[in-house]
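Student: These protein sequence lines are chains A and B, in that order.
Mapping of the first sequence onto the numbering used here: position 394 corresponds to residue 1656, and the numbering continues sequentially without gaps.
Mapping of the second sequence onto the numbering used here: position 87 corresponds to residue 95, and the numbering continues sequentially without gaps.
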Amino acid sequence: MYRYDEFDERFVRERVAQFTDQVTRRLDGSLTEDEFKPLRLKNGVYLQLHAYMLRIAIPYGTLNSRQLRQLALIGEKYDRGYGHFTTRQNLQFNWPKLRDVPEILGLLADVEMHCIQTSGNCIRNVTADHFAGVAQEEIEDPRPTAELIRQWSSAHPEFSYLPRKFKIAVTGAEADRAVIKAHDIGLRLRRHPDTHETCYEVSVGGGLGRTPMIGKVVRDYLPKKDLLAYLEAIMRVYNLEGRRDNKYKARVKILVHEIGAEEFTRRVEAEFAQLDGPSINADPEEVARIAAYFAPPRYETLPAISNTLEAARATNPAFARWVEVNTAPHKAPGYTALTVSLKPIGQAPGDATSAQMRLVADLAERYSFDELRVTHAQNLVLPHVRQRDLFAIWQKLGEAGLASANIGLVTDIISCPGLDYCALATARSIPIAQAIQQRFADEARQREIGPLGIKISGCINACGHHHVGHIGILGLEKRGIESYQITLGGDATENAAIGEILGPGLTAEEVPDAVERIVAVYLTERSEAESFIDTIRRIGLGPFKAAFQEVTRAAA
Amino acid sequence: MPLLDRNGSREDRWTRSEGAAIGNIPAALVPWEALTEALEALAPAQQIGVILPNSVPFAALAPFLPQLSLVAIAFPAYADGRGFSLARQIRRADFTGEIRASGPLIADQFAYALSCGFDTIELPEASAARQPVPQWLHARESFSATYQRGYEATERNILDQRRAAKAAGRLAAERA
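(1) By DSSP, does D1562 of chain A sit in helix, in strand, or in coil?
(2) Could you tell me which uninterrupted beta strand (DSSP E) segments, each at least 3 residues in length, are contained entirely in the region 1502 to 1540 of chain A, listed from first to last along the chain?
(3) Can you list the residues of chain A that S93 of chain B reaches, using a CB-CB cut of under 7 Å?
(4) Just how far apart, CA to CA, sit R1342 of chain A and W1357 of chain A?
(5) Please identify the residue among A:M1475, A:R1472, A:I1447 and A:H1458 whose C-alpha is closest to the C-alpha of V1464 of chain A.
(6) Which chain B residues sit within Cβ distance under 7 Å of D1545 of chain A?
(7) Can you give me, in chain order, the residues of the region 151 to 162 of chain B that have a beta carbon less than 7 Å from any beta carbon in chain A?
(8) Please confirm if G1291 of chain A has its CB atom under 9 Å from at least one CB of chain B.
(9) Under 8 Å, with one C-beta from each stretch per pair, do the region 1664 to 1675 of chain A and the region 1600 to 1619 of chain A reach the 3-pair mark?
(10) Can you tell me which of A:V1307, A:G1468 and A:A1554 puts its alpha carbon nearest to the alpha carbon of A1758 of chain A?
(11) Mind checking whether L1388 of chain A and H1592 of chain A have CB atoms under 9 Å apart?
(12) With distances taken from CA atoms, which of A:L1571, A:R1275 and A:T1589 is nearest I1378 of chain A?
(13) At the 9 Å Cβ level, is S1541 of chain A part of the contact set with chain B, yes or no?
(14) For the alpha helix (DSSP H) containing E1436 of chain A, name the first residue and the last one.
(15) Which residues mark the beginning and the end of the alpha helix (DSSP H) in which H146 of chain B is found?
(16) Using 8 Å for Cβ pairs, my map puts V1783 of chain A next to F1806 of chain A. What's the rounded Cβ distance?
(17) Could you work out which residues of chain B lie near L1255 of chain A, taking near to mean beta carbons separated by less than 9 Å?
(18) Taking only the alpha-carbon atoms, compute the straight-line gap between I1780 of chain A and K1658 of chain A and give it to the nearest angstrom.
(19) Answer yes or no: do H1638 of chain A and A1408 of chain A have a C-beta to C-beta separation smaller than 9 Å?
(20) Name the two residues that bound the continuous alpha helix (DSSP H) containing C124 of chain B.
(21) Please decide whether A53 of chain B counts as near chain A, where near means a Cβ-Cβ distance under 9 Å.
(22) Could you compute how far the alpha carbon of G57 of chain B sits from the alpha carbon of P84 of chain B?
(23) Contact check, T1380 of chain A vs A1319 of chain A under 8 Å by CB: the rounded distance?
(24) Going by the beta-carbon positions, is the gap between F1581 of chain A and M1263 of chain A smaller than 9 Å?
(25) Since D88 of chain B meets chain A, which of its residues come closer than 9 Å, beta carbon to beta carbon?
(26) For R1288 of chain A, go through chain B and note every residue whose CB falls closer than 9 Å to its CB, in chain order.
(27) When you compare only the Cα positions, how much space is there between L1600 of chain A and W1584 of chain A?
(28) Give the DSSP-derived three-state secondary structure of L131 of chain B in the structure shown.
(29) What three-state label does DSSP hand T1673 of chain A in the structure shown?
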C-alpha cells in the first residue's frame, strides 16, 4: 500500500499545525463561529447531538495493522473504547473532546493518517472497490488512481469552496462494489476496444440524498494520462455554475439534471479543450511511482484448492457456512479475500471496539500481508488470506464475536448512526437494524433467502444509502412520531437503480413485519436460485405492494 | 476598505465611481453594469477597473479585458468560491493587470487566492479588524508545498519537486 514520502509527511504535519492555529484563532475571536465552522468541517470535526464527532479519512478504505492499532488506541484514550466504520470507508469517533482534536490529529499523522476533507463543501475522501488488487475480474487496480486523486484534491486552491460536498469513487472491476453511479464523479477503469489501452469511463451527477440520481456517462474512454486535467474541467464547470441559492439543489447532480447531461458534457469538454494537459496532469513517472506501492504482495505458490481448508470444512459445518458466505475469489491461487462482518446480531452496524480492532490488526499482520480494507457496507476485509489459514482466523474471530457468517445477507445491514447520535437525523436507524437482525437471526434462514441488501437511513440525507438498497428504509418524522418509508428494487452495483416506494410509512414496530412479508413474497415467487433483486426485476413491484398493504391494513 | 497583497498592507490607489461617472479620476473602479458607458468616457491617461459580480461568466468579461487594469471580483460570502475559478480563467487569458478579491474573505483563503491568480484582497472593516495582517501572512505560509500543478511556482509544487528530485538522483548516478 501507499507510503508517505517526505512531501506527504510534511503536508499532513502542516495541516495539523494549520488546524491547531485555526482553533486558536476561533478561541481568541479572530474567527467568528460562522467562519470557523467550515474550517472544522473540512477537518472532519462535526458538532453532533451529544458531543463533537471526529471523522477520520481512510483513503479508499485501505489500512495497515499499525494504523488500525492507532485507531484502537485513540478510541480507548479519547472516546469510549470503540469506533464506527462508515459507508464512505471512513471511521468516526462519536465522543472526542474538541480540545483533544489537535492531539488526535498528531497521533494520526504518526501513522500517515489524517481527517482532511472528510466533511465540508470540498472534494471528500475518495473511495474505491474494497477488493482492489484482489478481484479476479479486475481490469486494473483502482488504488493508484484513488491515491493520485487523494493528493490532487487535498487543499485544492480552487476547489475548496464548492457549492456543496463532492464525492469521487473509483473501480477497476466489472462488478461495481464502490457504488460509483451514486457519486458526484464515478470512474471505472476499462479497456478501449480498439487500442486495448486502459481508460476511464467517467460518470458525473450521481448521488443519493433527497434527490437520488444515477450518474450519467460524460466520457466513455478518457485516456489515463488526461485524468487530472479532465477532473479540473469538471470541477471548474461545477464551481462556477453549480447552484448556490439553495443547499438542497447545490450538488452537481442537480446541475447535470437541470441543463441536461449533453449540455453539461459540452461545457466540460469546452473547458477541457482550453487546458494545457501536460502542465496539469501528473507525469507518467509520478503515476508509476504511486502505482509501484500497490504492486501485489509476494504470494506463495499454492494449489488452487487447499486440502487443509477442505478437510476443516468437511468436519465443521459452522465453519463451512462462514467460508461460503464471507470469502470471495482471489487472483492468486490458494488465496481468498475474507470479509470480517461488523454486523453481529443486535450490534450497531459498523461498530468495532478497540479490542476488536487490535485483534483484526493482529490477524492482518499475521495472515494478510499486513493489509486491511474497510468496505462501504461497513465491514472489514483481510484481502490476502491463504485458504489454509481460514480455520485459525475463524476461531480467533469467533472469540471476539466477529465470526458472523452474513456478508451480503439480510442481516448485513447498512445503517447510518441515526437519531441515536446524529443532529440531522429525523428517526432512529440502529434500533431498526437491530430489530430486523433479531427477526432473521437464524443463519440457515438467512442463507435460504440469499443475497439481500437492506439499507437504512435516519433522514432524507441518505447516508445509509437506502435508495440503492434492495430493501431501503428511510426514517422520517411525522407529527412527532417516527415513520419509516420502505423502498424496493434499489441496486448499488453496476446495474445501479433507485428503489421505488412501496406504500405509506410504517411505525418502527411494523418494519420487521414488512420486511418479513416482502421476503415471503420473494420466496414464493422466485424461480430456482434466482436472487431477490432478480426476482423483483422479473415480476415487478405488484406482488410486493399487495403484501405490503396487508401490513398497513393489519396495523390500521 | 483595508487592502492586502502578498507582502501585507497596501495603499489603495483606486477610487470607486458613482456608476459610469468616472470624470477625471486617475484610477476609476466602476460597477460591472456601468462598464460599457464608462469606457466610452475614458481619457487616454485614465485607468479603469471593474467590480465584477461572481455570477458573470468569463465569456462576458473577456472582450473588455484589454482595456482593464483591474478586475475586482466580488465575494458575497467567503464560502462562495466562484471567484477562485473566475480568477483562473482571467489569468489564463493572459490578463496582466491586477485581480482583486473583494469581500469578507478569511486568512485561511489567502494562499488559495494568490495561487488562483489574485494579487490583492480588499476586506470589509469588520473582517480586517478581527484578522490583523500578521495572521494573513502566517496563514499564507501554512503549506510549504502543495499537490496541484499549474497553480504555484514549481518549487512549491510537490509533483514537480518529486520529479526534480528524481532527475537529480539520476544525474548523480550517472556521474558516479
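Every residue gets a Cβ at the ideal spot worked out from N, C-alpha and C, and that includes glycine.
Tutor: The structure says:
(1) The displayed chain sequence assigns Glu, not Asp, to residue 1562 of chain A. DSSP places E1562 of chain A in coil when its eight states are reduced to three.
(2) none
(3) E1420, R1498, N1501 and L1502
(4) 7 Å
(5) A:I1447
(6) R171
(7) F151, S152, A153, T154, Y155, Q156, R157, G158 and Y159
(8) yes
(9) yes
(10) A:G1468
(11) First, the residue type needs correcting, since residue 1388 of chain A is Val and not Leu in the sequence shown. No; because the gap between Cβ atoms is not below 9 Å, this pair is not in contact.
(12) A:R1275
(13) yes
(14) Neither: E1436 of chain A is in no alpha helix (DSSP H) and is coded neither H nor E.
(15) V141 to R148
(16) 5 Å
(17) Coverage of chain A is limited to positions 1263 through 1818, which leaves residue 1255 of chain A absent and any answer about it impossible.
(18) 36 Å
(19) no
(20) F118 to C124
(21) no
(22) 19 Å
(23) 5 Å
(24) no
(25) Y1423, P1425 and R1506
(26) Correct list: empty, because the minimum Cβ distance to chain B is about 11 Å.
(27) 10 Å
(28) coil
(29) coil
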